[in-house]
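*Asks:*
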Amino acid sequence: VVGYLLVIGKAIGGLCEALSIGLPSQGFPIMLAAGFALPLALFRDISSLAYSSLLAICAMVYVCMSITYRGIQSGTTENIPEPYVRISSDFCSSATIVFFAYNCHVNIFSIYSSLQYPLVRRMKKVTQRAVILEVVLYLCVSTSGYLMFHDKTEGNILQNFPPTDVVMTVGKAAVACALTASLPLCLHPARDNFYLLFYKTFYSKKKSTVDTPDSTTPLLGDSNGGGNSGKGRGPQPTLAFHVVVTLTMMSSALFLALNVPGVSIVFSFLGATACIIICYALPIIMYISVLDQRAVLASRTNIWLSKFGLWSLLAVLVAVGAVSATDSAWQVISLISGKQ
Numbered sequence: 245v246v247g248y249l250l251v252i253g254k255a256i257g258g259l260c261e262a263l264s265i266g267l268p269s270q271g272f273p274i275m276l277a278a279g280f281a282l283p284l285a286l287f288r289d290i291s292s293l294a295y296s297s298l299l300a301i302c303a304m305v306y307v308c309m310s311i312t313y314r315g316i317q318s319g320t321t322e323n324i325p326e327p328y329v330r331i332s333s334d335f336c337s338s339a340t341i342v343f344f345a346y347n348c349h350v351n352i353f354s355i356y357s358s359l360q361y362p363l364v365r366r367m368k369k370v371t372q373r374a375v376i377l378e379v380v381l382y383l384c385v386s387t388s389g390y391l392m393f394h395d396k397t398e399g400n401i402l403q404n405f406p407p408t409d410v411v412m413t414v415g416k417a418a419v420a421c422a423l424t425a426s427l428p429l430c431l432h433p434a435r436d437n438f439y440l441l442f443y444k445t446f447y448s449k450k451k452s453t454v455d456t457p458d459s460t461t462p463l464l465g466d467s468n469g470g471g472n473s474g475k476g477r478g479p480q481p482t483l484a485f486h487v488v489v490t491l492t493m494m495s496s497a498l499f500l501a502l503n504v505p506g507v508s509i510v511f512s513f514l515g516a517t518a519c520i521i522i523c524y525a526l527p528i529i530m531y532i533s534v535l536d537q538r539a540v541l542a543s544r545t546n547i548w549l550s551k552f553g554l555w556s557l558l559a560v561l562v563a564v565g566a567v568s569a570t571d572s573a574w575q576v577i578s579l580i581s582g583k584q
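So this is what it looks like as structure tokens:
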């Protein structure tokens, strides 16, 4: 959410600069972005965001195609810095940004429960199509951007284009609209998991000690009278509690966005911590835990080789994440202390 607010703020700032509109402060576009995204974030069901998500996809496709068009127009292989492939101190940070780019895992359960016919094979189709679309768009933008700007490419590539570029100015507006529509998709799973944690911690204990269901009024209730509501989405809170939690999360993200120096640092840090844990560490550990049960189907040697390979992969990923997280934290500390 913090990274999205930063990108939306930069897009709105670039759009206002192109239109010669003065801004009260540098953080005003970020606050404006949070204000626009808040109504969408208040929706309880992720399926309510279907049309806004479609708008976001169309907007991002336009931006990617615009950058690709500019890359075809002005991109060149001349003056590319030597060597063509290089490993530097920024490699770990770049790797964790790539990890973050494919971090769709947190929305899997919310999207699955919102399908009209929630089946595993249908969810696989949705996942495969989403990843294929991501790969195609990422390749177009990365190749075009590098051929145009080489090693001078900004963390937010839209900042490389001048305000006089009408096509990219429209693209900045499209990015602002797309990310504003997509931002609630990041907030939704975090909020749902908070509700579930709250329910398990407080309401379940209270319910177990009460003899009659009418003797207390639970904070987390639903119209069906049960703990869960609608397609397995978990306990649904009262409206007041829902609004307070959403406002608190959005306000916290806004505070961080106003004080973090750059979006690349945010994405790199998230990729180095949360993404490695969710996307790689937990799946590897869970898979290793069931390998012994497959011993009847494979030789013990193959099981140990599989375990060794998986633990080695996890160790490399953790090392990359540790270096990237340390580098990102150091950049923030240096900028705050005024060393840079």
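FYI, my numbering numbers position 302 of the sequence shown as 546, with every residue one higher than the one before it. Heads up, the beta-carbon is just placed ideally off N, CA and C, and yes, glycines get one too. Predicted, not measured: the structure shown is a model, and the values here were computed from it.
Taking 7 Å as the limit between beta carbons, can you name the residues of its chain near K444, skipping five residues before and five after?
*Replies:* Taking the sequence shown and counting its residues from 1, the one referred to as residue 444 is at position 200. Nothing meets the Cβ criterion.
*Asks:* In whole angstroms, what is the alpha-carbon distance linking N404 and L423?
*Replies:* By 1-based counting over the sequence shown, the position of residue 404 is 160. By 1-based counting over the sequence shown, the position of residue 423 is 179. Answer to the nearest angstrom: the Cα atoms are 19 Å apart.
*Asks:* Suppose the cutoff is 6 Å on Cβ atoms and the five residues either side in sequence are ignored; what does the same chain contact list for G476 look like?
*Replies:* As a working mapping, residue 476 is identified with position 232 in the sequence shown. Summary for G476: the model assigns pLDDT 45, below 50, so the residue's position carries little reliability; its value from the coordinates is reported in the next sentence. S357.
*Asks:* Where do the ends of the alpha helix (DSSP H) carrying P428 lie?
*Replies:* Residue 428 sits at position 184 when you count from the first residue of the sequence shown. Where P428 is concerned, the enclosing alpha helix (DSSP H) stretches over 410 to 442.
*Asks:* Drop a sphere of 10 angstroms on the beta-carbon of S297, count the other beta-carbons inside from all chains shown, and report buried for 16 or more, exposed for fewer.
*Replies:* Here the question's residue 297 lines up with position 53 in the sequence shown. It counts as buried.
*Asks:* My output table needs one value for G506: the three-state DSSP class, helix, strand or coil.
*Replies:* Locating residue 506 in the sequence shown gives position 262, where the first residue counts as 1. Coil at G506, not helix or strand.
*Asks:* Under 8 Å between the Cβ atoms of T321 and L383?
*Replies:* If you number the sequence shown from 1, residue 321 lands on position 77. If you number the sequence shown from 1, residue 383 lands on position 139. No, these two residues do not count as a Cβ contact at 8 Å.
*Asks:* How many Å lie between T461 and M412 at the Cα?
*Replies:* Counting from one through the sequence shown, the residue named residue 461 turns up at place 217. Counting from one through the sequence shown, the residue named residue 412 turns up at place 168. Residue placement at T461 is poorly supported in this model, since its pLDDT is 38, which falls under 50; the coordinates still yield a value, given next. T461 and M412: Cα-Cα distance of roughly 54 Å.
*Asks:* Examine the Cβ distances between the segment 553 to 569 and the segment 507 to 523 and report whether three or more of them are shorter than 8 Å.
*Replies:* Segments in contact, yes.
*Asks:* Look up V560 in the DSSP assignment and say whether it is helix, strand or coil.
*Replies:* Translated into the one-based positions of the sequence shown, residue 560 becomes position 316. Reduced to three states, the DSSP call for V560 is helix.
*Asks:* Contact between the segment 427 to 441 and the segment 274 to 292: three or more CB pairs below 8 Å?
*Replies:* These segments touch.
*Asks:* Please list, in chain order, all residues of the same chain as T397 whose beta carbon is under 7 Å from its beta carbon, the five residues on each side excluded.
*Replies:* Along the sequence shown, one-based indexing puts residue 397 at 153. These residues qualify, in order along the chain: G389, Y390, N404.
*Asks:* If distances are taken between C-alpha atoms only, which option among T545, M493, P273 comes closest to L286?
*Replies:* Here residue 286 is taken as the residue at index 42 of the sequence shown, counted from 1. The shortest Cα separation from L286 among T545, M493, P273 belongs to M493.
*Asks:* What's the C-alpha gap between F442 and V489?
*Replies:* For the purposes of this step, residue 442 is taken as residue 198 along the sequence shown, with counting starting at 1. For the purposes of this step, residue 489 is taken as residue 245 along the sequence shown, with counting starting at 1. Spanning the two alpha carbons is a distance of roughly 11 Å.
*Asks:* Have a look at F344 and L514 and give me their C-alpha separation to the nearest angstrom.
*Replies:* Here residue 344 is taken as the residue at index 100 of the sequence shown, counted from 1. Here residue 514 is taken as the residue at index 270 of the sequence shown, counted from 1. When rounded, the distance between both Cα atoms is 7 Å.
*Asks:* Count the other CB atoms within 10 Å of the CB of S572; is the residue buried (16 or more) or exposed (fewer)?
*Replies:* For this step, residue 572 is matched to residue 328 along the sequence shown. Buried, by the Cβ-count rule.
*Asks:* Taking the straight line between their C-alpha atoms, what separation do you get for K551 and V370?
*Replies:* The sequence position of residue 551 within the sequence shown is 307, counting from 1. The sequence position of residue 370 within the sequence shown is 126, counting from 1. C-alpha separation (whole angstroms): 30 Å.
*Asks:* With DSSP collapsed to three states, give me the class of Y524.
*Replies:* By one-based count along the sequence shown, residue 524 stands at place 280. Looking at Y524 - three-state DSSP - the assignment turns out to be helix.
*Asks:* With DSSP run on the structure shown, which of helix, strand or coil describes Q403?
*Replies:* Numbered from its first residue, the sequence shown carries residue 403 at position 159. Q403 falls in the helix class under three-state DSSP.
*Asks:* Given that a residue counts as buried once 16 or more other Cβ atoms are within 10 Å of its Cβ, and exposed if not, what is P457?
*Replies:* Here residue 457 refers to the residue found at position 213 of the sequence shown. Model confidence at P457 stands at a pLDDT of 40, short of 50, so the residue's coordinates are unreliable; what they give is reported in the following sentence. Classification for P457: exposed.
*Asks:* Is it the case that the Cβ atoms of L250 and V510 are separated by a distance below 8 Å?
*Replies:* Here the question's residue 250 lines up with position 6 in the sequence shown. Here the question's residue 510 lines up with position 266 in the sequence shown. Going by C-beta atoms, L250 is nearer than 8 Å to V510.
*Asks:* Report the CB separation of L557 from I532 in whole angstroms; it is logged as a contact under 8 Å.
*Replies:* By 1-based counting over the sequence shown, the position of residue 557 is 313. By 1-based counting over the sequence shown, the position of residue 532 is 288. Going by Cβ atoms, the distance from L557 to I532 rounds to 11 Å, so no, they are not a contact pair.
*Asks:* If you follow the alpha helix (DSSP H) that K369 is part of, which residue opens it and which one closes it?
*Replies:* Locating residue 369 in the sequence shown gives position 125, counting from the first residue. Its alpha helix (DSSP H) spans residues 364 to 393.
*Asks:* Can you list, in chain order, the residues of its chain with a C-beta nearer than 6 Å to that of N546? Leave out the 5 residues immediately preceding and following it.
*Replies:* The residue labelled residue 546 in the question sits at position 302 within the sequence shown. Hits under 6 Å: none found.
*Asks:* Could you tell me the alpha carbon to alpha carbon distance between V487 and I355, rounded to whole angstroms?
*Replies:* Residue mapping note: residue 487 aligns to position 243 of the sequence shown, counting from 1. Residue mapping note: residue 355 aligns to position 111 of the sequence shown, counting from 1. Computed Cα separation, rounded: 22 Å.
*Asks:* CB-CB under 6 Å to G415, same chain, minus the five flanking residues each way: which ones, in chain order?
*Replies:* As a working mapping, residue 415 is identified with position 171 in the sequence shown. Excluding sequence neighbours, G415 sits near V307, S310.
*Asks:* Just how far apart, CA to CA, sit L498 and V246?
*Replies:* One-based indexing of the sequence shown puts residue 498 at position 254. One-based indexing of the sequence shown puts residue 246 at position 2. Rounded to the nearest angstrom, the two C-alpha atoms are 7 Å apart.
*Asks:* Straight-line CA distance for A420 to C302?
*Replies:* Taking the first residue of the sequence shown as 1, we reach residue 420 at position 176. Taking the first residue of the sequence shown as 1, we reach residue 302 at position 58. The straight-line gap from Cα to Cα measures roughly 12 Å.
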